[in-house]
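Data first, discussion second: the structure below is written as structure tokens.
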Amino acid sequence: MIRSNYSCSLILLGLTTMLLSSCGDNELQSRVDRLEAELRGFRSDTRDEVSELKGRVIAAETTVGVGGEGLSITDRIAALEVAAGPTGGPANNNVVYLRPNLQGHAPVETDHGVFLVRMEGIDLNSKTGTYIVHLNIGNPHAVAIQQFVLKGDHGGGTPELTEDEEYSLTNPKIREWQKTLKPFQFRVSKTLEPFAWTPFDIELTADTRDELEMIRFSLLIENARLNRRSADGSTTDQDFSHIRVGSKAASVLKTEYGAFLVAVKKTEKTEVGTRVHLEIGNPYGFTINQCRLVGDYGPEIPAREDSASPEEFAKKMKEWSAQLQPFESMISSQVANFRWNRTTILVPSTSGEVGFLRCQLRVEDVTLPAATDKP
138 MIRSNYSCSL
148 ILLGLTTMLL
158 SSCGDNELQS
168 RVDRLEAELR
178 GFRSDTRDEV
188 SELKGRVIAA
198 ETTVGVGGEG
208 LSITDRIAAL
218 EVAAGPTGGP
228 ANNNVVYLRP
238 NLQGHAPVET
248 DHGVFLVRME
258 GIDLNSKTGT
268 YIVHLNIGNP
278 HAVAIQQFVL
288 KGDHGGGTPE
298 LTEDEEYSLT
308 NPKIREWQKT
318 LKPFQFRVSK
328 TLEPFAWTPF
338 DIELTADTRD
348 ELEMIRFSLL
358 IENARLNRRS
368 ADGSTTDQDF
378 SHIRVGSKAA
388 SVLKTEYGAF
398 LVAVKKTEKT
408 EVGTRVHLEI
418 GNPYGFTINQ
428 CRLVGDYGPE
438 IPAREDSASP
448 EEFAKKMKEW
458 SAQLQPFESM
468 ISSQVANFRW
478 NRTTILVPST
488 SGEVGFLRCQ
498 LRVEDVTLPA
508 ATDKP
């Protein structure tokens, strides 16, 4: 806007020069007066715009808590953008700061309420040279979070400051430290079940472990599900079923359409994963045209009788639960009514054993037989 005003001023001065050579004194003086009045108006508008911009910057600095003493307008605006947070997400999504030696959990605020986050450890992936960060999120709400995004950055620890130095963006040490942080964004499809802790891993790129001394991010929820409740207050949302792959008995899969049966017949390892051959029993009068199994897979669950003490069994269970990995597989064939239906799902396991499934059957499309004209 300011550059445009100056351009207009130059054009008007050029016109003045042309008028001086072609008009009479009286007419020329009148036009010059009008041009000078317009120029004064342009300068007044420019001063007002600059003043308004400075006022808005000062108000924003007061709100965010960033000082602007000794900085140009450009630097002050840049400081405000950094102070807005590393995520650029909604204002209701605050940033959680995690450190490897942090004990306990830290709260993170989202549009769906406050969740709890803790870091369980960091391991080096020797094959890729990246680092696997083990996280655990506690969901204290009745809403199941089905998909979310972690968006933030990581880097070394904050610089050491003397007693008279302030921890703010006006401090050159803090501003230089901010420039070394590496941004990341990680989408997670694992469901955060209500009233439970959910472990999962994210993979971060760093030259050394020192670059993971501080990890901060916001939690952006993309997809959630509210558990339904019946008139007596009990939940009607489908539960997870525990399926032992080596068992001869059928397991029950609870859905919104009722309970179905599933039996594992055999497994087959391939280059792209493990094919699990199933039989799904449909005791109802409708046919399922499209459905999928969603959950976790892992090795066979430890047997209690194989442990000498409760402590040993608890340790085995903890090690076993850490090996569970998420999966989601579409069931391409129809699940016809009143019968057992053979089908196959693909579990993304090329090396590990698939001895256990913890999953849900999610029904997406059903049909009933056509009505007849007979009474």
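Under my numbering, think of the first position of the sequence shown as 138, with each following residue one higher. We put the beta carbon where it would ideally sit given N, CA and C, even for glycine.
Which of helix, strand or coil DSSP assigns to residue 389: Position 252 of the sequence shown, counting from 1, holds the residue named residue 389. In this structure, DSSP gives residue 389 an extended state, which the three-state scheme calls strand.
Residue 265 burial status per 10 Å Cβ neighbour count (16 or more: buried): Within the sequence shown, the letter at position 128 stands for residue 265. By the neighbour-count definition (other C-beta atoms within 10 Å, threshold 16), residue 265 is an exposed residue.
Element boundaries [alpha helix (DSSP H), containing residue 452]: Taking the first residue of the sequence shown as 1, we reach residue 452 at position 315. In the DSSP assignment, residue 452 falls within the unbroken alpha helix (DSSP H) covering 447–458.
C-alpha distance - residue 270 paired with residue 506, whole-angstrom precision: Here the question's residue 270 lines up with position 133 in the sequence shown. Here the question's residue 506 lines up with position 369 in the sequence shown. Residue 270 and residue 506: Cα-Cα distance of roughly 51 Å.
Of the residues 259, 296, 168 and 285, the one placed nearest residue 357, counting alpha carbons only: Position 220 of the sequence shown, counted from the first residue, corresponds to residue 357. The candidate whose alpha carbon is nearest that of residue 357 is 285.
Contact belief for residue 395 with residue 434 at Cβ below 8 Å, rounded distance in angstroms: Looking up residue 395 in the sequence shown gives position 258. Looking up residue 434 in the sequence shown gives position 297. No, residue 395 and residue 434 are not in contact; Cβ-Cβ is about 25 Å, not under 8 Å.
Residue closest to residue 275, alpha-carbon to alpha-carbon, out of 248, 250 and 335: Counting from one through the sequence shown, the residue named residue 275 turns up at place 138. With distances taken between Cα atoms, residue 275 lies closest to 335.
Proximity of residue 415 and residue 431 at Cβ, strictly below 8 Å: If you number the sequence shown from 1, residue 415 lands on position 278. If you number the sequence shown from 1, residue 431 lands on position 294. Contact: no.
Proximity of residue 424 and residue 361 at Cβ, strictly below 8 Å: If you number the sequence shown from 1, residue 424 lands on position 287. If you number the sequence shown from 1, residue 361 lands on position 224. Contact flag unset, no.
Test item: CB-CB of residue 413 and residue 481 under 8 Å: Numbered from its first residue, the sequence shown carries residue 413 at position 276. Numbered from its first residue, the sequence shown carries residue 481 at position 344. Inclusion of residue 413 and residue 481 in the CB contact set at 8 Å is warranted, their separation being smaller than that value.
Length at least 3, wholly inside the region 403–444: the beta strand (DSSP E) runs in chain order: For the beta strand (DSSP E) assignment, the uninterrupted runs of no fewer than 3 residues enclosed by the region 403–444 are, from N- to C-terminal side, 411–419 and 424–435.
Range covered by the beta strand (DSSP E) that runs through residue 497: Residue numbering aside, residue 497 sits at position 360 when the sequence shown is read from its first letter. Segment 493–504, the beta strand (DSSP E) holding residue 497.
Environment of residue 294 [buried if 16+ CB atoms lie within 10 Å]: Along the sequence shown, read from residue 1 onward, the residue named residue 294 stands at position 157. With fewer than 16 other Cβ atoms within 10 Å, it is exposed.
Of the residues 298, 243 and 378, the one placed nearest residue 272, counting alpha carbons only: Taking the sequence shown and counting its residues from 1, the one referred to as residue 272 is at position 135. For the residues 298, 243 and 378, the minimum Cα distance to residue 272 belongs to 243.
Beta-carbon proximity check, residue 255 vs residue 351, cutoff 8 Å: Position 118 of the sequence shown, counting from 1, holds the residue named residue 255. Position 214 of the sequence shown, counting from 1, holds the residue named residue 351. No; because the gap between Cβ atoms is not below 8 Å, this pair is not in contact.
Whole-angstrom C-beta distance between residue 377 and residue 497, which should lie under 8 Å: If you number the sequence shown from 1, residue 497 lands on position 360. If you number the sequence shown from 1, residue 377 lands on position 240. For residue 497 against residue 377, the beta-carbon gap comes to about 6 Å, under 8 Å, which counts as contact.
Distance between residue 250 and residue 280 (C-alpha atoms, nearest Å): Here the question's residue 280 lines up with position 143 in the sequence shown. Here the question's residue 250 lines up with position 113 in the sequence shown. Rounded to whole angstroms, residue 280 and residue 250 show a C-alpha spacing of 10 Å.
Euclidean distance between Cα positions of residue 379 and residue 287: Translated into the one-based positions of the sequence shown, residue 379 becomes position 242. Translated into the one-based positions of the sequence shown, residue 287 becomes position 150. Approximately 29 Å between the Cα atoms of the pair.
Identified DSSP bridge partners for residue 352: The sequence position of residue 352 within the sequence shown is 215, counting from 1. In DSSP, residue 352 forms a bridge with 235 and 291.
Residue 301 in three-state terms, based on DSSP: Position 164 of the sequence shown, counted from the start, is the residue given in the question as residue 301. DSSP places residue 301 outside both helix and strand once states are collapsed to three, so it counts as coil.
Supposed contact pair residue 296 and residue 310 - C-beta distance, whole angstroms, cut 8 Å: The residue given as residue 310 occupies position 173 in the sequence shown. The residue given as residue 296 occupies position 159 in the sequence shown. Under the criterion of beta carbons closer than 8 Å, residue 310 and residue 296 qualify as touching, at roughly 5 Å.
Whole-Å CB distance - residue 499 paired with residue 429, under 8 Å assumed: Position 362 of the sequence shown, counted from the start, is the residue given in the question as residue 499. Position 292 of the sequence shown, counted from the start, is the residue given in the question as residue 429. Indeed they touch by this definition, with Cβ atoms about 5 Å apart.
One or two residues paired with residue 245 in a DSSP bridge: Mapped onto the sequence shown, residue 245 falls at position 108. BP columns for residue 245 point to 252.
Inter-residue spacing [alpha-carbon to alpha-carbon] between residue 409 and residue 462: One-based indexing of the sequence shown puts residue 409 at position 272. One-based indexing of the sequence shown puts residue 462 at position 325. Computed Cα separation, rounded: 16 Å.
Buried or exposed by the 16-neighbour rule on C-beta atoms within 10 Å, applied to residue 407: Along the sequence shown, read from residue 1 onward, the residue named residue 407 stands at position 270. Exposed: under 16 other Cβ atoms inside 10 Å.
Residue 348 versus residue 245 - alpha carbon distance: Along the sequence shown, one-based indexing puts residue 348 at 211. Along the sequence shown, one-based indexing puts residue 245 at 108. When rounded, the distance between both Cα atoms is 22 Å.
Residue 173 versus residue 353 - alpha carbon distance: As a working mapping, residue 173 is identified with position 36 in the sequence shown. As a working mapping, residue 353 is identified with position 216 in the sequence shown. If you take the alpha carbons of residue 173 and residue 353, they lie about 57 Å apart.
The alpha helix (DSSP H) enclosing residue 312, as first and last residue numbers: Indexing the sequence shown from 1 puts residue 312 at position 175. It spans 309–317 - the alpha helix (DSSP H) in which residue 312 sits, taken as one unbroken run.
Residue 262 to residue 343 span [Cα, whole Å]: On the sequence shown, residue 262 is found 125 positions in, with the first residue counted as 1. On the sequence shown, residue 343 is found 206 positions in, with the first residue counted as 1. Straight-line Cα distance between these residues: approximately 11 Å.
Cα-Cα separation between residue 277 and residue 247, rounded to whole angstroms: Taking the first residue of the sequence shown as position 1, residue 277 is located at position 140. Taking the first residue of the sequence shown as position 1, residue 247 is located at position 110. Roughly 13 Å separates the two Cα atoms.
Exposure label - residue 466; buried when at least 16 CB within 10 Å: Position 329 of the sequence shown, counted from the start, is the residue given in the question as residue 466. Buried is the call here.
Residue 447 versus residue 298: straight-line alpha-carbon distance, rounded: Position 310 of the sequence shown holds residue 447. Position 161 of the sequence shown holds residue 298. So the two alpha carbons sit approximately 49 Å from each other.
The beta strand (DSSP E) enclosing residue 270, as first and last residue numbers: Residue numbering aside, residue 270 sits at position 133 when the sequence shown is read from its first letter. Run containing residue 270: 268–276, per the beta strand (DSSP E) assignment.
Beta carbon of residue 388 nearer than 8 Å to that of residue 399: By one-based count along the sequence shown, residue 388 stands at place 251. By one-based count along the sequence shown, residue 399 stands at place 262. Residue 399 sits close to residue 388, with the two beta carbons spaced by under 8 Å.
Segment limits, beta strand (DSSP E) that includes residue 480: Position 343 of the sequence shown, counting from 1, holds the residue named residue 480. Start and end: 476–484.
Residue span of the beta strand (DSSP E) that contains residue 331, given as start and end: Residue mapping note: residue 331 aligns to position 194 of the sequence shown, counting from 1. Element bounds for residue 331: n/a, residue is neither H nor E.
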